[in-house]
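For reference, the structure discussed in these notes is given below.
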Amino acid sequence: MPAAPLRRFITAYYWVEVPEPCGQVEDLLHPEWANIRFTLAGNWSTRIGGVEYDPAPTAAMFGPTSQAGIVRGRAGTVLGVGLLPLGWARFVGVAASDLADKVAPLDAVLGSRASETLIALRQAPDDRSQADLLDALYTELDASGPALEPLLVKAHEQLLTLDTVEAMASALEISTRHLTRLSLRMFGFTPKLLIRRQRFLRTLQTLRERPDTPLGPLIDEGYFDQSHFVRDFKQFMGMSPSRYFALPHAMLGPAARERLAALGAAYQGLHAKLR
Numbered sequence: 006m007p008a009a010p011l012r013r014f015i016t017a018y019y020w021v022e023v024p025e026p027c028g029q030v031e032d033l034l035h036p037e038w039a040n041i042r043f044t045l046a047g048n049w050s051t052r053i054g055g056v057e058y059d060p061a062p063t064a065a066m067f068g069p070t071s072q073a074g075i076v077r078g079r080a081g082t083v084l085g086v087g088l089l090p091l092g093w094a095r096f097v098g099v100a101a102s103d104l105a106d107k108v109a110p111l112d113a114v115l116g117s118r119a120s121e122t123l124i125a126l127r128q129a130p131d132d133r134s135q136a137d138l139l140d141a142l143y144t145e146l147d148a149s150g151p152a153l154e155p156l157l158v159k160a161h162e163q164l165l166t167l168d169t170v171e172a173m174a175s176a177l178e179i180s181t182r183h184l185t186r187l188s189l190r191m192f193g194f195t196p197k198l199l200i201r202r203q204r205f206l207r208t209l210q211t212l213r214e215r216p217d218t219p220l221g222p223l224i225d226e227g228y229f230d231q232s233h234f235v236r237d238f239k240q241f242m243g244m245s246p247s248r249y250f251a252l253p254h255a256m257l258g259p260a261a262r263e264r265l266a267a268l269g270a271a272y273q274g275l276h277a278k279l280r
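Spelled out as structure tokens, the structure:
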């Protein structure tokens, strides 16, 4: 967990390690909020939005995503920082839609601080020291960042409780046109796509928690029927549910279990605010 004052901006710091005997490991990245990822060791690549990043930048900004990506790792470790939408507004400074479904070198956002941070993280003796370095970095950035607009804070709080564009606009007391501009800037996508993504992720988490239960009773009430959910599944994950659940999920399976236990949500895209 990040330091308490940073928890409205950052979901968690996380480490993904591929041991030497495993060879190359490949897995799917679910639709999610933005992430900053530092390659501490090894060779890592990713495919997002139809673009191959091979290798991925050693200090990389992953924008918010609306479709599954592919990540590959071989004998090494990646340290990630999960950014909530408020974290994007606080630390990044460009519209989230500019980097949606894209990967960019972190120095495009942090300048020389990106490479300096990567060097310091690689020299740190353990995970706790690395987390402390990141706490110090983001505490400093928070202190020097622009004031957060009250509307952004309210939108962040409302995100997971509303299931229509009209309801969200009404709760924020703004027009649907204003909401679209706000959503692109803060979340990376139109309100309609964002709400569909969140509905899909809620159902996916439920399916992971109850794998032996028939699909019908588990799908979100926002779906008309099971075929409606399957269509969304194919759009967001690029495959059918049966094919997805047959995959080994060598990295994201353990990650989902650990995230659910520690943070209360299996997928980073389901976090709006942390307890």
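Just add 5 to wherever you are in the sequence shown, counting from 1, and you've got the working numbering. Don't be surprised by glycine CBs; every beta carbon is placed ideally from N, CA and C. The structure displayed is predicted, hence computed values, not measured ones.
Residue from the options whose Cα sits closest to the Cα of residue i
i	options	result
Phe234	Gln203, Leu252, Phe96	Gln203
His35	Leu268, Lys239, Gly269	Lys239
Gln29	Pro259, Arg262, Leu265, Ala255	Ala255
Met281	Leu139, Glu57, Asp217	Nothing can be reported for residue 281, as the shown portion of the chain is limited to 6 through 280.
Ile41	Ile15, Glu57, His183, Ser71	Ile15
Thr44	Ile124, Trp93, Gly74, Ile75	Ile124
Leu126	Leu84, Gln163, Lys159	Leu84
Asp147	Thr122, Arg95, Pro130	Arg95
Ala64	Val56, Gly55, Ser117	Ser117
Leu212	Arg262, Ile53, Leu187, Pro60	Arg262
Leu157	Ser149, Glu145, Thr144, His183	His183
Asp131	Gln273, Leu265, Tyr19, Pro155	Tyr19
Leu275	Ile53, Ser232, Leu33, Gln163	Gln163
Spatial neighbours of residue i in its chain, beta-carbon cut-off 6 Å, leaving aside the 5 residues before and after
i	result
Pro62	Pro110
Glu31	Arg77
Met242	Ala73, Tyr249
Residues near residue i by beta carbon distance below 7 Å, same chain, minus five either side
i	result
Val114	Met66, Val97
Gly47	Val23, Gly78, Arg79, Ala80, Gly81, Thr82
Gly68	Ala39, Ala101, Leu104, Ala105, Asp106, Lys107, Gly193
Ser120	Ala64, Asp112
Residues sharing a beta bridge with residue i, DSSP
i	result
Gln29	Arg79
Ser50	Arg77
Leu179	For the record, residue 179 in the displayed sequence is Ile; it is not Leu. Bridge partners of Ile179: none, in fact.
Glu226	In DSSP, Glu226 forms no bridge with anything.
Thr44	Val83
Pro110	Ala65
Glu57	Arg52
Leu34	Gly74
Leu187	The partner list for Leu187 (beta bridge, DSSP) is empty, contrary to what the question assumes.
Segment limits, alpha helix (DSSP H) that includes residue i
i	result
Ala129	First-last for Ala129: undefined, no H or E at that position.
Phe205	196 to 214
Tyr18	Run containing Tyr18: none in the alpha helix (DSSP H); it sits in the beta strand (DSSP E), 15 to 23.
Gly92	90 to 96
Glu162	155 to 163
Gly258	257 to 268
Phe250	246 to 251
Arg12	Element bounds for Arg12: n/a, residue is neither H nor E.
Asp237	231 to 242
Range of the contiguous beta strand (DSSP E) that encloses residue i
i	result
Met295	Examination of residue 295 is not possible in this model, given that the chain is present from 6 through 280 alone.
Other residues of its chain near residue i: CB distance less than 8 Å, five sequence neighbours each side excluded
i	result
Thr296	Nothing about residue 296 can be reported from this structure: the residues present for the chain run from 6 to 280 only.
Leu167	Met173, Ala176, Ile200
Leu153	Leu91, Ala94, Arg95
Can we say the stretch 20 to 29 touches the stretch 72 to 83, given the rule of at least three CB pairs closer than 8 Å? yes
Segment contact, 8 Å Cβ cut-off, at least three pairs: the stretch 92 to 107 with the stretch 190 to 201: yes
The stretch 129 to 139 touching the stretch 161 to 173, judged by at least three CB pairs closer than 8 Å: no
Counting Cβ pairs, one atom from each stretch, are 3 or more of them under 8 Å apart for the stretch 139 to 148 and the stretch 9 to 16? yes
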